[in-house]
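Asks: In my numbering, the protein residues as written are 21 to 730.
In this text, a Cβ means the ideal position worked out from N, Cα and C, and glycines have one as well.
Have a look at this one before I ask anything.
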C-alpha cells in the first residue's frame, strides 16, 4: 500500500539461503517489481474478452476457435443453432471430424496453420447434425501467444446459404431463359433445362417425359441428362420408349395432377426394368416437376437423387420456377413452329398460285409480290418492291378505280389492259381487298392479278356470235313475216274458192269431187294455221307483239271459246264444256291474245283425248272474288315427266311419234307460253301419262270487275 492509500501490484521472486551443513534456511533473498500496469491490462483484456463473447453470442454470426490440430476451443450459440450441434458436443472435438469431413480440407488446414497462412476469407460448406449442408462465408484470423507462437485460429462466419441459392437460382433462370430461348426446337430447350438444373443442384440424372400426339399416354423422351463420368447407360436404355398412363408412376402422377412431386422411395414409383436400373444405379429419391403451358402439362421433368435426406425446399422452388419459365418458352416455341409452318405453307401456296399476288401499304407502295406476278409483269422483284402499284404496268384502259374503295375498306375487282411492253394488249384482272393487322386496323391492300386475255377474247367472240345470231334472227323473223304474208294471200284464195265450189250450186260435182274439195279446204286451213303460227313466232322473237288491254268478261270469253271449238273434229264421246262462276268476272287484259292462248291449249287437249272430257275452268278466289287462274284439263294421253319442260320449246312434242299420230307442228305451247309472259301471266303444267293433263294460266294480280262488261 502506498502512502497515498492506493494499492499496487507487486510481483516478488525470492529464494532461501540455506546452511551448507544442515540445509536449514538461514535467510530469504527477495526481489519485487511493480506489475500494476500489467494487471490493469489483464483486467481490461478479460473485460474485452467478455464483451467479445457477449457480442459473438448475440450477433447473427457463427464463431469457432480451433487449436492447431483443429480441436474446437470455442463456439458461439449461433454456430450451435445453425448446425444443430450442442456446445458440449463441439468443445474438445475435432472440427473436421464433425462439420467439415473432407480429408483434403483437414490436411490443407494443418499445413496452413503451421505456416500461419490461412486465407483471410473463404466460403465453405459445413455438415449439420441432420446431414444437410450450409454454406458459410468465413473471416479467419491466426491466434498467437505473447511470445508470438501460433496457438490456433478464430473464425467468424455468415450463413450465406439462402443468398447463394437465390443467386444460383437467378443465374440458373437466366441461363435457361437465354439458352433455351435461343434453342432451335423444343428438344434442345429440354436438354438445356435438364443439364442446367442437374449441374446447379449437383444431381446426376434427369429425364423428360412428353404426352403423345393424342395426349393419351406419357412417353419417356430421348432427351435425358447423365452426369459426366456416371455409368448410367442401363438406366438410359431401360426408359427408352417407355409409356405411362395418366396417374401411373412418378411422372404419370405429376402429369395427371399438374403438381410437383418429391418421392422419398424412388423404387416404388417406377416400373419394371426402369425401376431396377434406377435402384441399381444408386438412386433413392425422385423429383418430378410439371412443365405448364397455360393450364396444360406439356412435359414432365424427372430427376433422380442418390441418398435420402431432408427435402430441399429451396431446390424444389427453383425447379418449379425454372419449369414455369420453360413452359412459357415451350408455348412460345410451339407458336413459333406453327407460325413457321404456316408461313411455309403460305409461301408454298403463293408460289403455286396461278394468279399473281401483290401486297401494298396504305400509300400504294408494293411490299410483296409472288413469282407469278413477276411472270405476268415481266419485271424483277427489285424493280417492283417499293414502287407505286399504279406504276407496275402501263394501263391503256381500266374497268374500275379500286384505290378509293380499298382505302375505305371495300373489296373490288377490275380489269386493265396493258398499254405497252411484253404484255401489250393483254387484259389483267385485278382483285383487291383491304389488309388489316391483328387489331383490325387497315394497313394496306392485298390483291391478285390474273391474265384474262383468253377469257376476254372468248367473251368478245361470244358477243360477236350473239350479235350475228341476233342479226340472223331478225333477218329470219323478217323473212318469216314477209313470207307468211305472201303465203296467206294465195292460201285464203284457195280456201275461199274451195268453199265456193263445195256449195255445188249447179250440181256439177259428184261425191268424189266433193270429197276432194273437203281435203283441199282442210289442208289449206291447216297450212294457213301453220303460216299463222310461224308469223306469231316471228313476232314474238322480234318483240313485236302488240298488247291492247281492255275490260274482258272472262266467263263470257270461256263460253265463246267452247262454242267456237264445238265444230272442231274430236274423238267420239269426248265432251267439251266450260265451268265458270255464275257472277260476271271481268279483268283488264288483251282478249285477242288470251283467246289465242286458250284456243291453243283447248285444241291440243281435244286432239290428244280419246275418251272422257275436256274442261275449260275459270277459278276465282272465294274470299277475295279475284280471278286466280284458268285451267284447261283433259283426260287424254298425258305427258311424261321428263318431257314436260321440253314441250314448251318450239317444234317440241311429247315424243317423236306424236306428230305422226296426232299432227301438229309443236309451236302451239311455245306460242301460248310466250303470249302468257307478254300478258304478265304464268303457264304451268300438271300431267301423268295415261291420266290426262291440266294447263293452268295464272292471272296474277288481275283486277276484278262486277256487272256487265263494256
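1. Just to confirm the assignment, what range does the beta strand (DSSP E) spanning residue 312 have?
2. Is it true that the CB of residue 311 sits closer than 8 Å to the CB of residue 347?
3. Three Cβ pairs or more, each shorter than 8 Å: is that satisfied between the region 155 to 163 and the region 127 to 144?
4. Is DSSP giving residue 369 helix, strand or coil here?
5. Would the beta-carbon of residue 321 fall within 8 Å of that of residue 308?
6. Exposed or buried, what is residue 206 when buried is set at 16 or more other beta-carbons lying within 10 Å of its beta-carbon?
7. Going by DSSP, what residues sit across from residue 255 in a beta bridge?
8. Which complete alpha helix (DSSP H) runs does the region 156 to 240 hold, if anything under 4 residues is left out?
9. Do the region 583 to 602 and the region 628 to 645 touch if we need at least three Cβ pairs shorter than 8 Å?
10. Kindly list the residues whose CB is nearer than 8 Å to the CB of residue 377, restricted to its own chain and excluding five residues on each side of it in sequence; keep chain order.
11. For residue 241, count neighbouring Cβ atoms within 10 angstroms of its own Cβ and tell me buried if that reaches 16, exposed if not.
12. Does residue 323 come out as helix, strand or coil in the three-state DSSP assignment?
13. Could you check which residue in 172, 553, 186, 168 has the C-alpha nearest to that of residue 84?
14. Along the alpha helix (DSSP H) that carries residue 624, what are the first and last residues, could you check?
15. Which two residues bound the contiguous alpha helix (DSSP H) that contains residue 584?
16. Restricting to Cα atoms, I'd like to know which of 315, 254, 267 is closest to residue 295.
17. Using a 10 Å radius around the Cβ and a threshold of 16 neighbouring Cβ atoms, would you call residue 82 buried or exposed?
18. By DSSP, does residue 665 sit in helix, in strand, or in coil?
19. Using a Cβ-Cβ cut-off of 6 Å (strictly less than) and excluding sequence neighbours within five positions of residue 210, which residues of its own chain qualify?
20. Report the partner residues of residue 388 according to the DSSP bridge assignment.
21. Quick check on residue 336: does DSSP put it in helix, strand or coil?
22. Could you name the residues of the same chain whose beta carbon sits closer than 6 Å to that of residue 715, not counting the 5 residues immediately before and after it, in chain order?
23. For residue 153, which option in 580, 266, 119 has the closest C-alpha, if you only look at C-alpha atoms?
24. What did DSSP end up calling residue 690 once you bin it into helix, strand or coil?
25. Spatial neighbours of residue 476 within its chain, please: C-beta separation below 8 Å, excluding the five flanking residues on both sides.
26. Should residue 269 be labelled buried (16 or more other beta-carbon atoms within 10 Å of its own) or exposed?
27. My understanding is that residue 609 touches residue 699, with C-beta atoms under 8 Å, so please give their C-beta distance in whole angstroms.
28. Can you find at least 3 beta carbon pairs, one from the region 393 to 413 and one from the region 357 to 371, that sit closer than 8 Å?
29. At what residues does the beta strand (DSSP E) containing residue 18 begin and finish?
30. In the structure shown, what three-state DSSP assignment does residue 45 receive?
31. Measure the beta-carbon distance from residue 464 to residue 379 and round it to whole angstroms, keeping in mind my assumption that it falls under 8 Å.
32. Determine the DSSP secondary structure at residue 639, reduced to helix, strand or coil.
Replies: According to the structure data:
1. 305 to 313
2. yes
3. yes
4. helix
5. yes
6. buried
7. Beta-bridge pairing links residue 255 to no other residue.
8. 181 to 202, 206 to 221
9. yes
10. 370, 388, 389, 390, 392, 393, 466, 467, 468, 469
11. buried
12. strand
13. 172
14. 611 to 627
15. 574 to 585
16. 254
17. buried
18. coil
19. 228, 243
20. 379
21. helix
22. 621, 652, 705
23. 119
24. helix
25. 435, 447
26. buried
27. 6 Å
28. no
29. For the chain, the structure presents residues 21 to 730; residue 18 sits outside this window and is missing.
30. strand
31. 6 Å
32. strand
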